[in-house]
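The block underneath contains the structure these notes are about, expressed in structure tokens.
Numbering (this note's numbering), first residue to last: 3 to 235.
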């Protein structure tokens with residue numbers, strides 16, 4: 003079943019969208035919080051996103067930009083839903099990365115037609131079910147990691163770090179790139195925060211096997227089977 007994500011904090015509109023989308027045969031994931039929206043998008047990888055502009059915590063514009071900065075999410079069509087109907091607002095939304103812009107109040111049949119149209123225009127999204135590296139297996143559907151058949155308990159940040167490393171084994175990721183991709187542009191944390199979470203990731207993984215996370219002094223991290231770690235960096 004095709005999934006459509008609704009990111010909308012107004013209950014009446016959310017219920018209306020969910021009802022009509024489900025009537026069209028879509029599975030609907032509905033989020034009301036800006037902070038939770040990005041993680042939900044990563045988890046379900048919807049075919050289309052209906053995104054409200056005015057949201058608590060993070061605006062729709064900020065969420066749109068963050069999605070467009072994620073290599074595995076940037077092709078998902080985004081339809082901006084907002085009461086802001088001025089031309090400059092529309093330009094701002096489209097510039098942020100929205101594929102379509104619908105003002106409230108909207109026609110439900112027209113919106114359903116726009117959802118279908120954006121799905122047809124979108125490139126085919128190939129969704130990986132899991133990543134493997136040596137004896138490490140990452141289940142992207144269940145958000146679980148196993149090593150030598152043993153379940154590895156990881157926090158959300160450690161999971162995202164490992165996912166990024168396992169997407170490109172052998173590639174060295176700088177702290178800055180890891181910060182931008184895992185934490186996002188709009189969240190300020192120091193680069194040394196990466197080191198803290200890498201240490202946690204190592205501890206969890208290395209309980210069941212050798213260390214495959216390589217530290218490149220003053221540069222960043224990679225995952226490969228010739229890892230020579232330097233915990234002091």
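All residues carry an ideal CB built from backbone N, CA and C; glycine is no exception.
In terms of residue numbering, what span does the alpha helix (DSSP H) encompassing residue i cover?
i, result
"residue 194", "194 to 208"
"residue 227", "Taken as a continuous stretch (DSSP letters only), residue 227 belongs to no alpha helix (DSSP H), as it is neither H nor E."
"residue 20", "13 to 25"
"residue 68", "62 to 70"
"residue 161", "158 to 169"
"residue 97", "89 to 97"
Expressed to the nearest angstrom, what Euclidean distance is found between the alpha-carbon atoms of residue i and residue j?
i, j, result
"residue 224", "residue 65", "28 Å"
"residue 128", "residue 47", "Legend: pLDDT at residue 128 = 48, less than 50; position of this residue unreliable, value from coordinates given subsequently. When rounded, the distance between both Cα atoms is 10 Å."
"residue 228", "residue 215", "9 Å"
"residue 182", "residue 162", "12 Å"
"residue 2", "residue 11", "Here the chain covers residues 3 to 235 and nothing more, so residue 2 does not appear."
"residue 109", "residue 212", "58 Å"
"residue 24", "residue 142", "25 Å"
"residue 35", "residue 53", "11 Å"
"residue 179", "residue 28", "35 Å"
"residue 174", "residue 222", "6 Å"
"residue 60", "residue 184", "16 Å"
"residue 170", "residue 72", "15 Å"
"residue 208", "residue 93", "49 Å"
"residue 117", "residue 4", "12 Å"
"residue 112", "residue 75", "25 Å"
"residue 90", "residue 17", "29 Å"
"residue 7", "residue 106", "18 Å"
"residue 38", "residue 219", "34 Å"
"residue 204", "residue 22", "46 Å"
So, are the CB atoms of residue i and residue j less than 8 Å apart?
i, j, result
"residue 82", "residue 104", "yes"
"residue 121", "residue 50", "yes"
"residue 33", "residue 9", "yes"
"residue 168", "residue 135", "yes"
"residue 84", "residue 55", "yes"
"residue 26", "residue 114", "yes"
"residue 155", "residue 206", "yes"
"residue 226", "residue 172", "yes"
Apart from the five residues on each side of it in sequence, which residues of its chain come closer than 7 Å, Cβ to Cβ, to residue i?
i, result
"residue 153", "146"
"residue 196", "177, 180, 181"
"residue 15", "none"
"residue 86", "55"
Based on DSSP bridge pairs, tell me the residues matched to residue i.
i, result
"residue 222", "176, 218"
"residue 152", "149"
"residue 103", "82"
"residue 134", "139"
"residue 29", "5"
Which residues in the same chain have their Cβ closer than 6 Å to the Cβ of residue i, if we skip the five residues on either side of it in sequence?
i, result
"residue 95", "82, 103"
"residue 159", "199"
"residue 210", "149, 150, 152"
"residue 57", "11, 36"
"residue 80", "51, 53, 66, 100, 101"
Can you name, in chain order, every residue of its own chain whose Cβ lies under 8 Å from the Cβ of residue i, other than the five neighbours on each side?
i, result
"residue 78", "43, 47, 48, 49, 50, 51, 69, 124, 127"
"residue 132", "139, 140, 141, 142, 143"
"residue 41", "158"
Does residue i get closer than 8 Å to chain C when you measure Cβ to Cβ?
i, result
"residue 136", "No chain C is part of this structure, which consists of one protein chain only."
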